[in-house]
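Protein sequences, first through last, are from chains A and B. 1283 is the number of the first residue of the first sequence in this note's numbering; add one for each residue after it. 715 is the number of the first residue of the second sequence in this note's numbering; add one for each residue after it. All C-beta atoms in this analysis are idealised placements derived from N, C-alpha and C, irrespective of residue type, glycine included. Here the structure is a predicted model, which is why all the values come from computation and not from measurement. Data block below; observations after.
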Amino acid sequence: MTLLAAATNESLADLSNKLVYASMAVYMLAFFAHITEWVFGSRSKVGRTAAALTPAAAAAAGAAPAVQVRTKGGGTAVLDRPKVVTRSASGVRDVPDGPGAAGGTEKGDLYGRIAVSLTVLGFLIEAAGVVSRALSVERAPWGNMYEFNLTFSTVAVGAYLLLLALKKNVRWLGLILVTSVLLDLGIATTWLYTASDQLVPALHSYWLWIHVSTAIFCGAVFYIGAAGAVLYLFRDSYESHLEAGKTPGRFRTSVLERMPSAATLDKFSYRINAAVFPLWTFTIVAGAIWAGDAWGRYWGWDPKEVWSFVTWVAYACYLHARATAGWKGRKAAYLALFAFACWIWNYYGVNILLSGKHSYAGV
Amino acid sequence: MSTTDKAPAEAPNEDEAARAQLSTAPVEDSPAAPVGIGVIGWARWFWRQLTSMRVALILLFLLSLGSIPGSLIPQTQVDAMKVAEWKKTHEFWVPVAEKLQLFDVYSSVWFSAIYILLFVSLIGCIVPRTWQFVGQLTGRPPGAPRRLDRLPAYTTWRTDKAPEEVLASAKGLLGGRRFRTEASAGAVAAEKGYLREAGNLAFHIALIVMLVAFACGQLFKSEGGKLVLRGKGFSNTLTQYDDFKSGSLFSADDLTPFSFTLDKFDASYEKAGPQKGTARDFKAYVTYSEGAEGAPKKAEIEVNKPLEIDGSKIYLLGHGYAPVISVTDPTGKVVYRDAVPMLPFDGNLSSSGAVKVPDGYRNKNGDKEQLGFNAMFVPTFAGAGKGTMLSQFPDLNFPVLALSAYHGSLGVDAGLPQNVYQLNTSKMQEFKDPEGQLFKQRLLPGETMTLPDGAGTVKFEGIERWATFSVTHQPASGLALAGAVIAIGGLAASLFVQRRRIWVRAVRGADGVTVVEMAGLGRSESAKLPEELSALSAALYETAPSPARSAPADAGTTTEEEGERA
Ligand code: HEM
């Protein structure tokens, strides 16, 4: 009986490994499709940002507020609802978002769609890999760094696809995300691989489900926020370059012109980080409760605890910075990146280099 | 955008008043030099600086940087052994590190200074903000600015309904959506989302609660360790502990009175596979009683499931084996019989320890002497001929005990505390085997070894188990948890609730038709505000539609242009 169970478990574990490799192959194809999308997109000549930032354009835009029209289709004279006119706050550059990687080209768009479809496929295969891993060990699939990495990229891709499904403007994220997912899985399979097995007693707790799953989720979504912050920094310096009347290089123009505007990226990154912050707070509190049950103290300045705290304070700092006049924009973005760097260090650095009570993590 | 900045000078004050007070965040003032002279001027300046958002930001950043060294350099609080080790390998840095209190970062002067300043700043920030917020709650939403079309979201249309009627239905509509409304001549002002501010204040107050709870926990806590053999008991008094740590305000009377006996201990291990030997489950079965003479109750203690007795928690920390050993003297009289706990030193529970026979033994000549044995114990021996005394598996598959024998003085009478797991052989002589070497032997359970020259026998009678427990008492952890829960709730409210204002103005135009204007203002630019305004205006439009003949395109008063701004 147990032998039979052991055999199915082993074959499930084997299946999980194969699924992970298969998802890597599919993500690889998605990567190439995205590259093709960018290449086709580079043939379009958009240059909307530059146009919007010339003094004449700015004056025109300021004089007449842009309008969002919501008419009922057809030629009816009666409006469904009154039109709402919006106006951006002062101090924000009034720049339209770029058209996305495809640059408005039909071929680019086709490849972009292919890339997204492949990403969906890769996601499904990878998720199946995580589930079969969980089934093979008959526990939450979060017992060691290999499993963390698998779940991490699955969640990041899942969050991205969810945002896409909600019709949010996030397709620009595709290439970066797929690249980092490949990196993440590469690290997982090459350096972190751990054969599937049971947990040490310290991990036998329902807090594992709560604390570890939210921790991974927060990390994955913070990652998306950090990617937004990096792009914001590039795009913002590009825009201020244009504003100053300079001409940025061709490659820079081609790539950044297709990205959303700095204001959009900034807002995107802020929303993501702000939305995850309460969950990250919860993660730390849940960890403290678990530590109280497992080790007899809810807070003991163990390296992992220290770095979770540092990460938390750094994100709190970022949120404060956003609320303080002189710290919006670039300075706040640097803080967001510092905070995310702390998160990553807390994962790789603390697990591998520092020893503490959390060192069960198993490389 | 530069053009919006150049708002006409006509009514900036009014606009400002309407835009202001959407939060209680302090206005950032420039770090101007202290106003006035003397101590009070400086004190006031210092206080203003300390309670400003900028300084809060800097202190927060310092707090995160300041906690880093404690994760890189071992901490006395966490692991004193590691500190000693680190000091040996980094001799050069020790004086510097000690000066900077780097071995006690979290209780160091500089770290305390950062968080105390931060919390003073926090209190200095919360108090005025709370007053301001109470003022906003009891006050009324500010009246409509003159030019509604300058606000971030705006809409307008014309209707045949009288202005009073429009405003009345606007008030009803907004009130129905739980806006706080305030009617004035020709306009309705409404505001919603006060929960944001309340949440934000609750969050910051909860931080103070958590800090206080944490401080209480540190000052009054106690933590003791105890090794308990199967069948033996423990009662919670200071003298019973093997080791004990406590906070600076702890007193021995704070110990919860209880006692327990270890009835049984179970452990299971991975039997095969790459992680063979890794522990899977530990369980200690105990009988405990509360108070001095409570009724006995049964309980199980597992790694993540401590037993809680009246605020004290009993944790299962570790476990091991204790060979039962009996010793006879040359006359055959049993002078010693006890289970001797051995300390494991690897994952497969290879263990070492010492057997000490302090009294009752007399040698062949009838002289009082003490006996001592260095002991090694392995639960699963590799097998005869495989030399080493290293265990192959943590369970009792092939237990073997190896003893080497000494006689003389154990040195226990010297009054110095002694490590029970180590034999101090400085005042002892070795028993010699026929080759003149130290006498040692490996025993299986039930086997007896005879000491040289008829000095007596040692019998390995059997094996007991032991478990180590840690008993901790940390007051105010409930308060800390309450603080944390409030903090998370407050944070969620603060980040997810939008505070916004809506104004509706209805004025009869020169042609007798009413012009309705609606505008919205939020804390931050958000796509939700235009959406909300759009929904509200659509609802109001139902009750006050445009005159049927009039084409809506010329209903508005602003120039319209199709933009493609998202
Ligand atoms: C113990 C350190 C502190 C932590 C961890 C902390 C954390 C936070 C967090 C996470 C937020 C974001 C919530 C939001 O945006 O609504 C926030 C907002 C805020 N904090 Fe703090 N804070 C601390 C100290 C302070 C101090 C000392 C002040 C006053 C000087 C302050 C004033 C504010 C204000 C005014 C906001 C709201 C900003 C807004 O309305 O957008 N905080 N704080």
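With a 10 Å radius around its C-beta and 16 neighbouring C-beta atoms as the bar for buried, classify residue i as buried or exposed.
i: B/T1042; result: buried
i: B/D1060; result: exposed
i: A/W1581; result: buried
i: B/A1006; result: exposed
i: B/P1010; result: exposed
i: A/D1281; result: Beyond the ends of chain A as shown, which are 1283 and 1645, falls residue 1281 of chain A; an answer cannot be given.
i: B/A876; result: exposed
i: A/I1407; result: buried
i: A/V1351; result: Residue placement at A/V1351 is poorly supported in this model, since its pLDDT is 34, which falls under 50; the coordinates are not used for a value here.
i: A/R1325; result: exposed
i: A/S1293; result: exposed
i: B/S1140; result: exposed
i: A/D1296; result: exposed
i: B/N1133; result: exposed
i: B/M795; result: exposed
i: B/W1217; result: buried
Considering Cα atoms alone, identify which of the options is closest to residue i.
i: A/T1535; options: A/G1380, A/W1489, A/F1559; result: A/G1380
i: B/L736; options: B/A998, B/L909, B/G961; result: B/L909
i: A/A1441; options: A/L1524, A/S1590, A/V1302, A/A1557; result: A/A1557
i: B/Q954; options: B/S973, B/C930, B/Y1255; result: B/S973
i: B/T1171; options: B/G1086, B/T1094, B/V1218, B/R1222; result: B/G1086
i: A/H1493; options: A/V1402, A/I1571, A/L1524; result: A/I1571
i: A/P1423; options: A/T1471, A/S1478, A/L1457, A/L1547; result: A/S1478
i: A/T1225; options: A/K1610, A/P1560, A/A1623; result: What is shown of chain A runs 1283 to 1645, which leaves residue 1225 of chain A out entirely.
i: B/H1187; options: B/T1102, B/P866, B/F964, B/A1253; result: B/F964
i: B/E937; options: B/G961, B/H1033, B/L943; result: B/G961
i: A/A1598; options: B/I772, B/S1184, B/A1241; result: B/I772
i: B/A920; options: B/L1124, B/G853, B/F833, B/G849; result: B/F833
i: B/S778; options: A/E1420, A/W1589, A/F1430; result: A/W1589
i: A/W1491; options: A/F1405, A/A1416, A/E1319; result: A/A1416
i: B/R1051; options: B/G1122, B/A966, B/I1177, B/I782; result: B/I1177
I'd like to confirm something about residue i: is its beta-carbon nearer than 7 Å to some heavy atom of the ligand HEM, or not?
i: B/A739; result: yes
i: B/F1091; result: no
i: A/T1593; result: no
i: A/A1304; result: no
i: B/N914; result: yes
i: B/F760; result: no
i: B/T765; result: yes
i: A/S1522; result: no
i: B/S826; result: no
i: B/S835; result: yes
i: A/H1602; result: yes
Tell me, please, whether the CB atom of residue i is closer than 8 Å to any CB atom in chain A?
i: B/N1062; result: no
i: B/N1111; result: no
i: B/Q789; result: yes
i: B/E937; result: yes
i: B/V792; result: yes
i: B/R910; result: no
i: B/G907; result: no
i: B/L764; result: no
i: B/I782; result: yes
i: B/P1261; result: no
i: B/R1076; result: no
Output yes if chain B places a C-beta closer than 8 Å to the C-beta of residue i; else output no.
i: A/H1602; result: yes
i: A/D1575; result: yes
i: A/S1487; result: yes
i: A/Y1630; result: no
i: A/Y1258; result: What is shown of chain A runs 1283 to 1645, which leaves residue 1258 of chain A out entirely.
i: A/T1563; result: yes
i: A/V1592; result: yes
Ranges of the alpha helix (DSSP H) found wholly within the segment 772 to 855 of chain B, counting only runs of at least 4: 783 to 786, 794 to 803, 808 to 813, 823 to 852
At what residue ranges does the segment 1607 to 1642 of chain A contain a whole run of the alpha helix (DSSP H), taking only runs of 4 or more? 1612 to 1626, 1632 to 1635
Runs of alpha helix (DSSP H) lying entirely within the segment 1421 to 1472 of chain A, each at least 4 residues, in chain order: 1427 to 1447, 1456 to 1472
Restricting to runs no shorter than 3 residues, where is the beta strand (DSSP E) found entirely within the segment 1116 to 1169 of chain B? 1142 to 1144, 1154 to 1157, 1162 to 1164
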